[in-house]
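There are 2 protein chains.
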Amino acid sequence: MKVMVLGGDGYLGWPTAMHFSAKGHTVLAVDNYQRRQIALETDSEALIATPTLDERAQIFHEKTGKTVQVKIGDCADMLFLNSVVADFQPDTIIHYAEQPSAPYSMKGFHEAQMTLKNNLGVTFNVIWSVLQNCPDCHIVKLGTMGEYGTPNIDIEEGWIDIEHNGRKQKFLYPRQAGSLYHTTKVLDTDLLWFYVRTHGLRVTDLMQGPVYGLSTEESDLSDQLLPNFHYDDIFGTVVNRFLVQAIAGVPLTVYGKGGQTRGYLNLIDTLQCVELAAKSPADTGELRVLNQFTEQFTVNELAERVHRVGQSMGLNVQIKNIDNPRKEMEEHYYNAKHHALIDMGLEPHYMTDEVLAAMVEKILKYKDRIETRKIMPRVSWS
Amino acid sequence: MKVMVLGGDGYLGWPTAMHFSAKGHTVLAVDNYQRRQIALETDSEALIATPTLDERAQIFHEKTGKTVQVKIGDCADMLFLNSVVADFQPDTIIHYAEQPSAPYSMKGFHEAQMTLKNNLGVTFNVIWSVLQNCPDCHIVKLGTMGEYGTPNIDIEEGWIDIEHNGRKQKFLYPRQAGSLYHTTKVLDTDLLWFYVRTHGLRVTDLMQGPVYGLSTEESDLSDQLLPNFHYDDIFGTVVNRFLVQAIAGVPLTVYGKGGQTRGYLNLIDTLQCVELAAKSPADTGELRVLNQFTEQFTVNELAERVHRVGQSMGLNVQIKNIDNPRKEMEEHYYNAKHHALIDMGLEPHYMTDEVLAAMVEKILKYKDRIETRKIMPRVSWS
Numbered sequence: 001m002k003v004m005v006l007g008g009d010g011y012l013g014w015p016t017a018m019h020f021s022a023k024g025h026t027v028l029a030v031d032n033y034q035r036r037q038i039a040l041e042t043d044s045e046a047l048i049a050t051p052t053l054d055e056r057a058q059i060f061h062e063k064t065g066k067t068v069q070v071k072i073g074d075c076a077d078m079l080f081l082n083s084v085v086a087d088f089q090p091d092t093i094i095h096y097a098e099q100p101s102a103p104y105s106m107k108g109f110h111e112a113q114m115t116l117k118n119n120l121g122v123t124f125n126v127i128w129s130v131l132q133n134c135p136d137c138h139i140v141k142l143g144t145m146g147e148y149g150t151p152n153i154d155i156e157e158g159w160i161d162i163e164h165n166g167r168k169q170k171f172l173y174p175r176q177a178g179s180l181y182h183t184t185k186v187l188d189t190d191l192l193w194f195y196v197r198t199h200g201l202r203v204t205d206l207m208q209g210p211v212y213g214l215s216t217e218e219s220d221l222s223d224q225l226l227p228n229f230h231y232d233d234i235f236g237t238v239v240n241r242f243l244v245q246a247i248a249g250v251p252l253t254v255y256g257k258g259g260q261t262r263g264y265l266n267l268i269d270t271l272q273c274v275e276l277a278a279k280s281p282a283d284t285g286e287l288r289v290l291n292q293f294t295e296q297f298t299v300n301e302l303a304e305r306v307h308r309v310g311q312s313m314g315l316n317v318q319i320k321n322i323d324n325p326r327k328e329m330e331e332h333y334y335n336a337k338h339h340a341l342i343d344m345g346l347e348p349h350y351m352t353d354e355v356l357a358a359m360v361e362k363i364l365k366y367k368d369r370i371e372t373r374k375i376m377p378r379v380s381w382s
Numbered sequence: 001m002k003v004m005v006l007g008g009d010g011y012l013g014w015p016t017a018m019h020f021s022a023k024g025h026t027v028l029a030v031d032n033y034q035r036r037q038i039a040l041e042t043d044s045e046a047l048i049a050t051p052t053l054d055e056r057a058q059i060f061h062e063k064t065g066k067t068v069q070v071k072i073g074d075c076a077d078m079l080f081l082n083s084v085v086a087d088f089q090p091d092t093i094i095h096y097a098e099q100p101s102a103p104y105s106m107k108g109f110h111e112a113q114m115t116l117k118n119n120l121g122v123t124f125n126v127i128w129s130v131l132q133n134c135p136d137c138h139i140v141k142l143g144t145m146g147e148y149g150t151p152n153i154d155i156e157e158g159w160i161d162i163e164h165n166g167r168k169q170k171f172l173y174p175r176q177a178g179s180l181y182h183t184t185k186v187l188d189t190d191l192l193w194f195y196v197r198t199h200g201l202r203v204t205d206l207m208q209g210p211v212y213g214l215s216t217e218e219s220d221l222s223d224q225l226l227p228n229f230h231y232d233d234i235f236g237t238v239v240n241r242f243l244v245q246a247i248a249g250v251p252l253t254v255y256g257k258g259g260q261t262r263g264y265l266n267l268i269d270t271l272q273c274v275e276l277a278a279k280s281p282a283d284t285g286e287l288r289v290l291n292q293f294t295e296q297f298t299v300n301e302l303a304e305r306v307h308r309v310g311q312s313m314g315l316n317v318q319i320k321n322i323d324n325p326r327k328e329m330e331e332h333y334y335n336a337k338h339h340a341l342i343d344m345g346l347e348p349h350y351m352t353d354e355v356l357a358a359m360v361e362k363i364l365k366y367k368d369r370i371e372t373r374k375i376m377p378r379v380s381w382s
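Chains as they are written, first to last, in our numbering: chain A, 1 to 382; chain B, 1 to 382.
See the structure below:
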């Protein structure tokens with residue numbers, strides 16, 4: 001299978017590229033280092049120094065004999081993307097190439113504009129480069145569970161049957177997201193769904209929860225092959241921030257009441273999910289939506305886990321509720337379905353104490369690189 | 001009230017600008033002549049020659065003593081829009097400034113890209129120019145009934161209460177539109193709803209059906225003040241096309257089976273609706289959605305009306321079903337609520353035979369300008 005990974009330099013992109021290559025597929029990773037640039041601009045650089053994509057591809061080749069092709073360029077530029085797709089003729093495009101930070105998207109006009117233009121623009125170009133060059137290509141699009149928000153009813157997998165005044169209709173599950181970044185993913189879904197039904201594209205839209213983890217079969221070969229590890233308020237997810245805070249002796253910063261519930265998954269399971277999706281593509285004219293997470297818990301529960309694991313490793317871990325910089329419900333109903341990927345063969349790796357301890361061990365090696373000024377929220381929703 | 005009309009050169013924009021000015025409001029019409037440019041490029045120029053905005057404002061002033069201020073520029077350019085909003089400090093922004101043609105948006109990559117970038121981009125700039133300069137300003141946004149598509153259940157006014165597995169939640173009514181143009185309006189709604197709930201904007205989103213009519217109190221003062229009358233396949237709505245076909249002796253071109261049902265309204269009622277919305281603004285943090293049409297019927301029923309009126313006026317009117325260039329259901333359930341504007345005081349002007357006859361009379365004066373090559377569909381959805 002010929003697989004293009006857009007956003008191949010990202011936290012998910014690079015492990016995905018290695019994973020598909022290790023499995024024997026022909027892989028082209030595409031990126032424009034936009035996340036690195038934003039990290040530089042916002043004082044949010046990753047904990048562990050990351051070689052360039054070309055360097056990482058070379059190290060990966062030395063370790064495994066396998067190849068990841070690399071192309072540096074901007075997928076929001078149709079001239080670039082279209083020529084790459086025309087040359088490579090992918091069977092599958094894995095589209096991660098979006099500005100992924102919610103706080104960044106809420107910072108101000110320019111950050112919001114860049115997020116909207118980039119994310120919608122890349123999705124639009126992916127659609128059209130497939131239509132023009134390889135209409136049978138399967139687009140695997142990274143969405144987010146955040147598209148659904150936190151409704152007071154069960155969250156279904158992408159679609160919902162509505163009965164109203166005695167009649168029935170199946171709709172895309174109504175979405176209302178909590179940041180502009182998450183809203184761009186809602187718009188992506190709307191756009192993909194339109195072109196799926198009018199032009200017969202085949203699309204899998206992965207509604208993914210927050211991912212954690214540093215270890216994959218390939219990234220374990222060398223620290224230089226590790227995924228980017230962000231612990232800052234811009235790119236760091238809550239799991240990463242808590243682990244780094246535990247190590248740095250800073251209280252775990254729970255935003256507000258901490259009753260925010262989300263569905264989480266291990267990076268290893270992201271790789272499984274994307275591979276499962278790629279191996280059994282959506283049909284022509286199908287928008288297949290898969291809820292991609294393995295277990296759900298509150299921020300408070302997460303803080304307690306990190307607290308327990310940290311204490312057991314001799315760290316002095318405190319928990320502190322701070323003012324919530326976001327506008328979100330801090331206590332709410334949350335029951336999100338996630339059967340489809342299990343049915344397709346996903347074997348979950350849960351967030352055990354051992355998994356958290358292994359992350360702590362890895363991060364401890366880089367303890368002296370932690371800069372505590374990056375940990376506290378620097379962007380507010382209001 | 002200080003009213004900015006974005007897209008002030010358009011079919012709705014110009015009559016709206018005159019209407020608010022005639023009612024004593026301070027009016028600034030903004031446009032970049034984009035529709036004129038597209039009309040030129042696609043051989044779709046309006047039937048009746050239209051003076052520039054500056055010329056029309058001058059003629060309007062000579063006839064009434066009233067003023068419409070004019071500013072020519074691109075609202076997709078934030079530098080331009082922001083400075084205009086900062087200077088004018090509007091109480092109400094009426095946002096019509098979008099590429100309004102469904103067929104144009106389906107023509108190819110460049111047309112689709114332009115539609116997406118322009119429409120989303122202008123809406124985004126409107127949001128941010130209000131946030132930065134006049135956060136209390138009421139945004140009256142022109143959406144379309146086409147956002148809803150043709151679901152098999154009743155169409156509510158913007159919102160729907162869903163009961164699911166014994167729990168309840170109110171959502172934006174799920175939308176799925178039939179063209180990229182209509183889809184950009186769905187994305188606009190998503191975007192507005194996000195900024196309404198996080199930043200407390202006040203927005204009225206008008207889900208408008210196809211509008212017909214050439215006559216308003218102000219446009220009746222001079223043919224030079226008429227709204228643009230498009231009868232081409234790009235900008236002409238079905239009512240206009242049928243009337244021109246009846247006059248030109250070309251069979252009325254019903255797309256497919258002709259069972260497509262839509263909600264229609266008279267241009268006079270658009271002016272009433274927009275004025276009613278502007279006079280009682282949405283609350284801070286409210287996205288108010290109003291379904292804006294007065295009566296619904298099928299394309300076949302419309303063809304029969306034009307046939308009847310044309311025959312009575314001595315025209316030889318034929319009806320012809322042609323292959324549908326669009327992808328849409330040609331027979332479907334359609335029951336769309338439209339109570340809110342009536343409750344606010346809308347007094348409907350229905351599509352009577354007299355109204356159609358008056359339109360025919362007006363168009364007959366320009367019969368020799370009709371170019372039949374513009375009447376048949378030149379863009380296909382497939």
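Note that beta-carbon positions come from the ideal geometry of N, C-alpha and C, so glycine has one too. Because the structure is a prediction, the values reported are computed rather than measured.
| query | Relative to the alpha-carbon of N118(B), which residue among P90(B), V254(B), I38(B), P227(B) has its alpha-carbon at the smallest distance? | reply | Minimum Cα-Cα distance from N118(B) among the listed residues P90(B), V254(B), I38(B), P227(B) corresponds to I38(B).
| task | Count the C-beta pairs between the region 183-193 of chain A and the region 313-321 of chain B that are closer than 8 Å, then say yes if the count reaches three, no if not. | result | No: the two stretches stay apart, fewer than three of their Cβ pairs being nearer than 8 Å.
| query | Less than 9 Å separating the beta-carbons of L201(A) and T284(A)? | reply | yes
| task | Give every residue of the same chain whose Cβ lies closer than 8 Å to the Cβ of E156(B), excluding the five residues on either side of it in the sequence, and list them in chain order. | result | Y173, K337
| query | Looking at A22(B) and V5(B), is the spacing between their C-beta atoms short of 9 Å? | reply | Here V5(B) is not near A22(B), since their CB atoms are 9 Å or more apart.
| request: Note the first and the last residue of the continuous beta strand (DSSP E) segment covering G143(A). | output: 138-144
| request: Taking N300(A) as the reference, give the member of A86(A), I363(A), T261(A) with the closest Cα. | output: T261(A)
| query | Which residues bound the alpha helix (DSSP H) around M78(B)? | reply | 78-88
| field | Candidates S83(A), D353(A), W128(A): closest to L243(A) by CA position | value | With respect to the C-alpha of L243(A), the residue from S83(A), D353(A), W128(A) having the closest C-alpha is D353(A).
| Using the beta-carbon count (16 or more within 10 Å), is N165(A) buried or exposed? | The C-beta of N165(A) has fewer than 16 other C-beta atoms within 10 Å across all chains shown, which makes the residue exposed.
| message | In whole angstroms, give me the CA-to-CA distance for P377(A) and V360(A). | response | 22 Å
| Can you tell me the Cα-Cα spacing of I387(A) and D9(B), whole angstroms? | Residue 387(A) lies beyond the range of chain A shown here (1 to 382); nothing can be said about it.
| Closest residue to H307(A) among R241(A), H25(A), N82(A) (Cα-Cα distance) | R241(A)
| task | Sort I162(A), T67(A), V84(A) by Cα distance to G73(A) and report the nearest one. | result | Answer by Cα proximity: V84(A).
| message | The beta strand (DSSP E) that contains N152(B), what's its start and end? | response | Counting along the chain, N152(B) falls outside any beta strand (DSSP E), and DSSP gives it neither H nor E.
| chain B residues whose Cβ lies nearer than 8 Å to that of A177(A) | F194
| Does DSSP put Y173(B) in a helix, in a strand, or in coil? | coil
| said: Please tell me whether Y255(A) has its Cβ less than 9 Å away from any Cβ of chain B. | reply: no
| request: Tell me whether the beta-carbon of G263(B) lies closer than 9 Å to the beta-carbon of M145(B). | output: yes
| task | Would you check if the distance between the CB atom of M344(A) and the CB atom of L276(A) is smaller than 9 Å? | result | yes
| task | Using the DSSP secondary-structure output, state which residues sit across from I162(A) in a beta bridge. | result | Q169(A)
| task | Could you tell me the boundaries of the alpha helix (DSSP H) in which F20(B) lies? | result | 13-22
| message | Quick check for students: name the residue ranges of the beta strand (DSSP E) that lie wholly in the region 242-326 of chain A, counting only runs of 3 or more. | response | Within the region 242-326 of chain A, the complete beta strand (DSSP E) segments of 3 residues or longer fall at 252-255, 261-266, 286-292, 295-298, 319-322, listed in chain order.
| said: Output needed for M329(B): all residues of its chain with C-beta closer than 6 Å, excluding positions within five of it in sequence on either side, in chain order. | reply: T150
| said: Give me the chain A residues within the contact set of Q169(B), using Cβ-Cβ distance strictly less than 7 Å, ordered along the chain. | reply: Correct list: P151, N152, I153.
| Could one say the Cβ of L6(A) lies closer than 9 Å to chain B's Cβ atoms, at least one of them? | No, its Cβ sits nowhere closer than 9 Å to a Cβ of chain B.
| query | Is the Cβ-Cβ distance between K365(B) and D223(B) less than 9 Å? | reply | Contact: yes.
| Exposed or buried, W193(B), counting other C-beta atoms within 10 Å across all chains shown (16 or more means buried)? | buried
| query | Is any beta-carbon of chain A found at less than 9 Å from that of L120(B)? | reply | yes
| task | State the start and end residues of the unbroken beta strand (DSSP E) segment that holds L364(B). | result | Taken as a continuous stretch (DSSP letters only), L364(B) belongs to no beta strand (DSSP E), being part of the alpha helix (DSSP H) at 353-364.
| said: Which residues in chain B have a C-beta closer than 9 Å to the C-beta of N165(A)? List them in chain order. | reply: For N165(A), the chain B residues whose Cβ falls inside 9 Å of its Cβ are I153, D154, N335, in order along the chain.
| said: Using CA atoms only, rank isn't needed, just tell me which of Q176(B), R175(B), W159(B), A177(B) is closest to Q169(B). | reply: W159(B)
| message | Checking the sheet assignment: what are the DSSP bridge partners for Y395(A)? | response | Examination of residue 395(A) is not possible in this model, given that chain A is present from 1 through 382 alone.
| Taking C-beta to C-beta, are P90(A) and L142(A) nearer than 9 Å? | No, they are not a contact pair.
| task | Could you please tell me which residues of the region 267-287 of chain A, in chain order, have their CB closer than 7 Å to any CB of chain B? | result | none
| said: Measuring only the C-alpha atoms, how far is I370(B) from T42(A)? | reply: 59 Å
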